[in-house]
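Residue numbers (my numbering): 245 to 552.
A virtual CB, placed ideally from N, CA and C, is assigned to each residue, including glycine.
Data first, discussion second: the structure below is written as structure tokens.
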Ligand code: SF4
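Structure follows, in structure tokens:
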């Protein structure tokens with residue numbers, strides 16, 4: 245079966261070997277973050293609906309999980325906000341009922357946690373990784389560029405309601421963009437919020453690959469470590485696990501293109517993700533470049549390929 249809504253499994257920085265599920269079309273999101281690695285949001289949405297057919301997602305999950313693959317997590321993530329899908333709760337329950345050996349993680353930008361239905365939908369996940377990049381309204385608008393009507397105050401309120409109700413693990417992610425949310429004042433506000441949320445882990449992240457706005461640069465390691473220590477958290481490094489994985493359900497060129505469409509990657513990242521030899525990755529990249537499907541961008545960590 246060719247998978248449309250599943251991707252990977254990929255070796256994730258935080259989650260080990262993770263099978264991804266993408267529940268919304270590319271760049272359908274409540275935010276249009278300046279640092280987004282998937283490009284500009286093309287559908288700035290806050291209406292919840294069945295963006296992709298649930299039956300089809302369940303069929304793909306059944307097809308893949310029935311082979312009992314070795315996974316650390318089944319993760320709702322991708323190139324948009326998964327809680328926009330109105331039936332995410334049913335899909336989580338399907339996995340937990342039918343394949344209880346797998347842990348389920350949901351990565352969310354927290355914007356919709358004000359909605360009691362969204363909070364209820366996530367109750368059976370084992371892990372939720374919500375983001376919080378700003379507390380002041382001004383910085384929130386600059387960094388997350390939300391759908392009209394979404395405010396920093398409401399996002400924080402929703403997060404607090406969620407952690408009160410949710411029995412699973414919460415790892416809070418804070419993404420630092422130098423010059424936007426790294427001022428002393430904002431970090432102090434974030435610290436207060438972190439104390440109130442009291443997550444199981446706090447992960448402080450910065451740009452690792454080209455973002456949406458080319459003027460956005462990564463925070464230095466020193467700055468990131470300082471902020472992480474103020475917030476009582478850890479920094480997230482760029483190291484991938486080294487377990488090699490065959491591309492699943494599609495040929496290697498397609499698998500490479502699908503990965504690059506979700507986030508820009510170096511040839512080294514792609515070799516680690518797909519388990520292909522570097523020379524083979526290079527060959528596929530040359531073909532994709534010649535077909536005008538990907539382009540190179542030079543960054544501190546090397547040459548990245550991104551989808552055009
Ligand atoms: S970083 Fe996440 S929340 Fe922000 S625009 Fe990209 S997909 Fe949406």
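Segment limits, beta strand (DSSP E) that includes residue i
i, result
"residue 227", "One cannot answer for residue 227 here, as it falls past the ends of the chain, which runs 245 to 552."
"residue 414", "413-419"
"residue 577", "Residue coverage of the chain in this structure runs from 245 to 552, which leaves residue 577 outside it and unanswerable."
"residue 459", "Careful: residue 459 lies outside any beta strand (DSSP E) and carries neither H nor E."
DSSP-derived helix/strand/coil call for residue i
i, result
"residue 436", "helix"
"residue 377", "coil"
"residue 401", "helix"
"residue 424", "coil"
"residue 319", "strand"
"residue 250", "strand"
"residue 485", "With a pLDDT of only 35 at residue 485, under 50, the local geometry of the prediction cannot be trusted, and the value read off the model is given with reservation. Reduced to three states, the DSSP call for residue 485 is coil."
"residue 337", "helix"
"residue 287", "strand"
"residue 492", "For residue 492, the predicted structure reports a pLDDT of 44, less than 50, and the residue's modelled location is therefore unreliable. A value from the coordinates is still provided. Three-state DSSP puts residue 492 in coil, outside helix and strand."
"residue 539", "strand"
"residue 263", "strand"
Near the ligand SF4: residue i beta-carbon under 7 Å from a heavy atom
i, result
"residue 264", "no"
"residue 327", "no"
"residue 251", "no"
"residue 275", "yes"
"residue 391", "no"
"residue 353", "yes"
"residue 256", "no"
"residue 324", "yes"
Buried/exposed call for residue i, threshold 16 Cβ in 10 Å
i, result
"residue 349", "buried"
"residue 311", "exposed"
"residue 408", "exposed"
"residue 411", "exposed"
"residue 429", "exposed"
"residue 450", "buried"
"residue 506", "buried"
First and last residue of the uninterrupted alpha helix (DSSP H) at residue i
i, result
"residue 475", "465-475"
"residue 309", "298-309"
"residue 362", "360-365"
Presumed contact (8 Å Cβ cut-off) between residue i and residue j, rounded CB distance
i, j, result
"residue 558", "residue 288", "Outside the shown range of the chain, which is 245 to 552, sits residue 558, and nothing can be said about it."
"residue 476", "residue 438", "7 Å"
"residue 353", "residue 275", "5 Å"
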